[in-house]
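Please read the structure below before turning to the comments.
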Amino acid sequence: MLANLDWSFYRWDVIGPFVWKGLQFSVMLTVVATLGGIALGTLLALMRLSGRPWLALPATVYVNGMRSIPLVMVILWFFLLVPLIIGRPIGAELSAVITFIAFEAAYFSEIVRAGIQSIPRGQVYAGQALGLTYGQNMRFVILPQAFRNMLPVFLTQTIILFQDTSLVYAIGAYDLLKGFEIAGKNHGRPIEAYLAAAVVYFVICYTLSALVKRLHARIAIIR
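Read in UniProt numbering, the sequence shown has 98 at position 98, and its numbers run on one by one without any break.
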């Protein structure tokens, strides 16, 4: 098998332009979806913890609904249905960004909710004793501690998100996997291209996972 591979394919001047363009979009999608997902997820978590049914119920339905649907289905639905609703296409890249933010928010919401609930109640009471309102208590006392505790989990979810960016292949967006595919087609070496893609994804995700593990150990020591 290995003897039949064309090793000359694995040169930067051969695959570099295709792969670099796809990597840029995959990284951009990961960063934007992470930041947007955390922001929207935090809002959803606060709604669920508000104790007010008119806020908690819609947030619960949204989170549980999103977590019950495969991401690739959400990507396809959004890409195919939204143009029918608004009457014009929005493009694969923009569709992917919006879909990922909306989908990842459900997962980040659960991380934030668990992080907030992990803070000892004594911290909440201390903020109340100082005369802080609910919003001030969350902003200055609870959320800073919760986000520090949640940082390793956030980063782990971000690594999973990066892996999931390959699903935008289904709507034709130019991501890292698409770059390898085009390089393989142009040079007639699809096996070599997909093998290289697997290695690159593994190296990136394994390296990031090792860094997250070290960060988690450091936070545990500080705590």
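Glycine is no exception: its CB is placed at the ideal position from the N, C-alpha and C atoms.
Using DSSP with H/G/I as helix, E/B as strand and the rest coil, what is residue i?
i, result
"S166", "helix"
"I119", "coil"
"P89", "coil"
"G51", "coil"
"T133", "coil"
"A198", "helix"
"F26", "Here residue 26 turns out to be Ser, not Phe, going by the sequence shown. It is helical."
"S109", "helix"
"P70", "coil"
"L5", "coil"
"G172", "coil"
"R214", "helix"
"R139", "helix"
"Y10", "coil"
"R148", "helix"
From what residue to what residue does the alpha helix (DSSP H) around residue i run?
i, result
"G184", "176–186"
What distance in whole Å lies between the Cβ atoms of residue j and residue i, which are believed to be in contact at a cut-off of 8 Å?
i, j, result
"G179", "V63", "Actually they are not in contact, since the Cβ atoms of G179 and V63 sit about 33 Å apart, beyond 8 Å."
"T158", "T42", "Not really, about 15 Å apart at Cβ, beyond 8 Å."
"L76", "A170", "6 Å"
"T156", "V212", "6 Å"
"F78", "E192", "Between E192 and F78 the Cβ distance is about 33 Å, and since that is not below 8 Å, they are no contact."
"P152", "H216", "4 Å"
"F25", "E93", "7 Å"
"A105", "L40", "4 Å"
"V184", "Y194", "Before going on, a small fix: residue 184 reads as Gly here, not Val. Rounded, the Cβ-Cβ distance is 7 Å, consistent with contact."
"I219", "R148", "7 Å"
"E165", "L29", "Reading off the sequence, residue 165 comes out as Thr, not Glu. 5 Å between Cβ atoms; contact."
Can you tell me the Cα-Cα spacing of residue i and residue j, whole angstroms?
i, j, result
"L49", "V14", "53 Å"
"R67", "A59", "12 Å"
"L99", "A45", "Note that residue 99 is Thr in the sequence shown, not Leu. Spanning the two alpha carbons is a distance of roughly 19 Å."
"G127", "G37", "28 Å"
"P120", "V141", "11 Å"
"Y206", "P89", "37 Å"
"V124", "G51", "15 Å"
"L132", "Q117", "19 Å"
"Q163", "L176", "10 Å"
"I160", "L167", "12 Å"
"M47", "L55", "5 Å"
"F154", "G16", "30 Å"
"V74", "A129", "45 Å"
"L84", "A102", "19 Å"
"A146", "V112", "7 Å"
Looking at the ligand GTP, does it come within less than 7 Å of residue i, judged from the CB to the closest heavy atom?
i, result
"Q145", "As for the ligand GTP, it is missing from this structure, which has no ligand bound."
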